[in-house]
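Line order of the protein sequences matches chains A and B.
Each number in the numbering used here corresponds to the 1-based position in the first sequence with 1 added.
Each number in the numbering used here corresponds to the 1-based position in the second sequence with 237 added.
Ideal Cβ placement from N, Cα and C applies to all residues, glycine included.
Below you'll find the structure, written out as structure tokens, and then a few comments.
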Amino acid sequence: MSDFLSGFWGYFIAIGTLGGIAFCVVLLTATNKRRGASKKPELHDHVWDEDLQEYNNPLPLWWMGLFYLTIIFGVGYLVLYPGLGEFKGTLGWTSSGEHTDEQQQAKARFAPIFEKYAQQDVRAVAAIPEARATGQRLFLTYCAQCHGSDSGGAKGFPNLTDKDWLYGNDPASIRTSIAEGRNGVMPAFGQMLTSEEVNEVSYYVLSLSGFPSDSVKIYGGRKVFQSKCVACHGADGKGNHAIGAPNLTDKIWLHGGSSKDVIETVSNGRSSRMPAHQDILDESKIHLLSAYVYSLSADTEKLVEAPK
Amino acid sequence: MIKPITITPRSPATEPPVNSPGGPDGGEAVSQALYEIRKKIYPRAVHGWFANWRIAMVIFTQLLFYGTAWLEWNGRQAVLFDLAARKFYIFGMVFWPQDFIYLALLLIISALSLFLFTAVAGRLFCGYACPQTVYTEIFLWIERSIEGDRAQRMKLDQQPHSVERIFKKTFKHFAWGTLALWTGFTFVGYFTPIRDLTMEFFRTTLGPWETFWILFYGFATYGNAGWMREQVCKYMCPYARFQSVMFDRDTLVITYDAKRGEPRGSRSRSADAKTAGLGDCVDCGICVQVCPTGIDIRKGLQYECIGCAACIDGCNQVMDKMGYPRELIRYTTENAVERGYAWKEIIRRVFRPRILIYTAIVWTIILASSAAIWLREPIKVDIIRDRITRQGGEEQVENVYQVRVMNTDEKTHRFRIRVTGLEDLKILSKDQPMEIGSTASRIVPVRLGLSATRVAPGSHDIEFIVESSSDGDHPSSDGFSIREKAVFVVPRR
């Protein structure tokens, strides 16, 4: 009864409950006889349809037995289960314990399905159609809310079906992304650069993936890029998997590829977060999910040839 | 002043004296228990036309109940309600929870049929088909076979404990218990395959819940048919009470012909009743003795009467012996008794507007539901749109959907997904056509793309079409085409 701040309520409930039961017992024993009544059957007062009346007939005796059975059941329940204020019941049952039990039962039941794949290499698992089907069901449950049911992502949420990877597409990197999560931070440069410089560097970045832009802006932008951006995105703008810096040359834009979007990104920065799943999902489920995600962008032919 | 009399099983000394209310009827003041001890009823065996009908109905319903569970269909149990998998097999059909409407329709048909039958001839269901009646009848038959008929049973119960009594009672309860457990077992056999259940029983590997439900339904059968009997109809059954509401003055009910029967009285077979001033009722009490609810039909129609017509059969036997015409107790209507209708007129009045309307409604619903089941598509489709919309390349808007396809058929189907509703709306995901296994369910993520310049921002109604695909090695014998509504959202910029 930790729901209440005061211990008073525990006693209030216990006394109310026991008092209620005691009252029922008294009521049952005290009222099972009618005194001073006529021997002739009585009629209820109410009259239906001009002349229809009901006899006040006694209930069958076994019916009263049911009342007593209910009381015995109630007392038994209160002894075994929590119900009397602070008293926890002799069985020690709790709803959270029940939940844990059921989770463990489910785990024991479904674990073999996932364990089957846990010993194999992610690439090998990705080649098995049934494993991909199971992986897809996991994906639709845990991942599709952000990455989309077709894994195609959305603005701010990476597309998992293309060849562009922020943190790498080797099985270990995918596993780390799922299990431990990722924090992608692009710092805001709006305070450090003048708006002219922001403009120039944005157009330079766009030009890296073939966006037409005038050469003056590109020239100015390149200078800014080399002083401020190369540390993360690299001199050639191809990014860095180790810190999740995106490749700026591939026409794939996580936060939008219009000049407006890119200027916004440079000025105010971006912060994206992939949550960690190792507390929610078993290692074997993460393994299977990694295989599914790996299969999304891999060539099907290559998967088939993958060593078992 | 009248001295108060106290009638009580307790010590009278503890009871305070009570005053008589007096009253015009001069009733005596008593202390009366408010609960009634059940008086055991010993129904006497009866033979006749209605009894034969009931035996036929008992055999029919029980063959159906005990037998159907063992039928096989396509290598599985023909009728099986698999609650865990939420699939309900009835011969060639598999129902899913989404088909709940058919259960609702079945219940509506049952309820309306009850109205119809009750309006025509009273509590026909109670008398012939209700499980309570049917199992009581079976249990009574067992009781009679072991302990003998009414008089013998009453004698046995009044006897002090004897070897004979203990033997007969033990044997009876053993027989009842066996049948009750068999009933519970069969009932559970509709939810767990009954052949597996049998194997589990012999290997003593029955699960805890299976054991519990077998015992539970076994106990319910034993208790209701062996001990509670008419108490169920009198105190527990809601139908018993509301069926009477559907009676009218032209409803056929079991009636004692008081005009012909009264004044009742015993007489010798040779005596002339007319000269003795007696009616046809010989007051033998057979109609009371055969009654499973222990009422006297000669007092008129009562709510306890379950319409079993045992009293008709019983009285007819007596009338035959006496050489009187039959049907002193018979099916007739209130109007017929009052106005002396002939049988022909009674039958004519069965076709009154109320009955015709009930009949029309029942048949309309039966035909409509049959048509609906006949035309039922084997495939069900549910569509959930992903919350996100996506900018796919230049000027292209994409929406993603989870199309859940469910196959209620017991064979594999090939299908293809199309969309309509917006010009140039394209399906961008591949993998067509697809396959779905027997009684399986699968989720297909579908990506739709549209050139954003062509449509205004906002939500647009579209339709998915899931249709059978007959290409390749899988010629589709039964085509289907299911349309399901969805929306396509174009974001504002």
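Query: Of the residues B:C521, B:G522, B:S503 and B:D520, which one's Cα is nearest the Cα of A513 of chain B?; Result: B:S503
Query: Kindly list, in the order they appear in chain A, the residues whose Cβ is closer than 7 Å to that of P682 of chain B.; Result: S150 and D151
Query: What are the boundary residues of the beta strand (DSSP E) that T626 of chain B is part of?; Result: I616 to Q628
Query: Looking at the strands, I want to know which residues DSSP matches up with H650 of chain B.; Result: B:I673
Query: Grouping DSSP H, G and I as helix and E and B as strand, with all else coil, what is Q639 of chain B?; Result: strand
Query: Helix, strand or coil: how does DSSP classify Q227 of chain A here?; Result: helix
Query: From which residue to which residue does the alpha helix (DSSP H) around M559 of chain B run?; Result: A547 to M559
Query: Return no unless some Cβ of chain B is closer than 8 Å to the Cβ of M193 of chain A.; Result: no
Query: Chain A beta carbons: is any one of them nearer than 8 Å to that of V637 of chain B?; Result: yes
Query: Only counting the same chain, and skipping five residues up and downstream in sequence, which positions put a Cβ closer than 6 Å to that of S285 of chain A?; Result: F115, E116 and A119
Query: Measuring only between beta-carbons, confirm whether S666 of chain B sits less than 8 Å from chain A.; Result: yes
Query: Please tell me whether T423 of chain B and Y303 of chain B are closer than 8 Å, where the distance is taken between their beta carbons.; Result: yes
Query: Around the Cβ of P308 of chain A, are there at least 16 other Cβ atoms within 10 angstroms (buried) or fewer (exposed)?; Result: For P308 of chain A, the pLDDT reaches just 46, beneath the cut-off of 50, and the residue's location in the model is therefore unreliable, leaving the point undetermined.
Query: Would you kindly check if the distance between the Cβ of P500 of chain B and the Cβ of L515 of chain B is under 8 Å?; Result: yes
Query: Please report the Cβ distance between T570 of chain B and D487 of chain B, rounded to the nearest whole angstrom; I am assuming they are in contact, meaning their Cβ atoms lie under 8 Å.; Result: 5 Å
Query: Do you know whose CA, among B:I616, B:V634 and B:P529, lies nearest D336 of chain B's CA?; Result: B:I616
Query: Using three-state DSSP, classify D238 of chain A as helix, strand or coil.; Result: The residue you asked about is not Asp; residue 238 of chain A is Gly in the sequence shown. Note: G238 of chain A maps to coil in three-state DSSP.
Query: Let's see if you can read the secondary structure: which residues bound the beta strand (DSSP E) around R684 of chain B?; Result: S678 to S688
Query: Is the CB of I625 of chain B under 8 Å away from at least one CB in chain A?; Result: yes
Query: Given a threshold of 16 other Cβ atoms within 10 Å of its Cβ, counted over all protein chains shown, does R110 of chain A qualify as buried or as exposed?; Result: exposed
Query: Could you tell me whether the Cβ of A270 of chain B comes closer than 8 Å to any Cβ of chain A?; Result: yes
Query: Can you tell which of B:L565, B:T370, B:R641 and B:Y339 has the C-alpha that lies nearest to the C-alpha of A677 of chain B?; Result: B:R641
Query: Tell me whether the beta-carbon of R622 of chain B lies closer than 8 Å to the beta-carbon of N636 of chain B.; Result: yes
Query: Using CA coordinates, which residue listed in B:Y472, B:E467 and B:F411 is at the minimum distance from F456 of chain B?; Result: B:F411
Query: Judging by CA-CA distance, which residue of A:T71, A:H278 and A:L62 is the nearest neighbour of R183 of chain A?; Result: A:H278
Query: Against chain A, which members of the segment 455 to 489 of chain B pass a CB distance test of less than 7 Å?; Result: Q468 and Y472
Query: Using a Cβ cut-off of 8 Å, which residues of the segment 427 to 438 of chain B contact any Cβ in chain A, in chain order?; Result: none
Query: Which runs of the beta strand (DSSP E) fall wholly inside the segment 174 to 199 of chain A and span at least 3 residues, in chain order?; Result: 183 to 187
Query: Please list the partners that L141 of chain A has in chain B, where partner means a Cβ-to-Cβ separation under 8 Å.; Result: Q639, I680 and P682
Query: Excluding sequence positions up to five away, which residues of its chain have a Cβ less than 8 Å from the Cβ of L361 of chain B?; Result: F354, T355 and G544
Query: Do you know offhand how far R684 of chain B's Cα is from K667 of chain B's?; Result: 9 Å
Query: Taking a Cβ distance cut-off of 7 Å, strictly less, list which residues of the segment 147 to 180 of chain A are near chain B, in chain order.; Result: G149, S150, D151, G153, A155 and K156
Query: Identify whether S507 of chain B lies in helix, strand or coil by the three-state DSSP scheme.; Result: coil
Query: Residues of chain A with a CB under 9 Å from the CB of R691 of chain B: which are they?; Result: Near R691 of chain B there are no residues of chain A at all, since even the closest Cβ is about 20 Å away, more than 9 Å.
Query: State the Cα-Cα distance for the pair L79 of chain A and Y272 of chain B, rounded to the nearest angstrom.; Result: 28 Å
Query: In or out: A127 of chain A buried (at least 16 other Cβ within 10 Å) or exposed?; Result: buried
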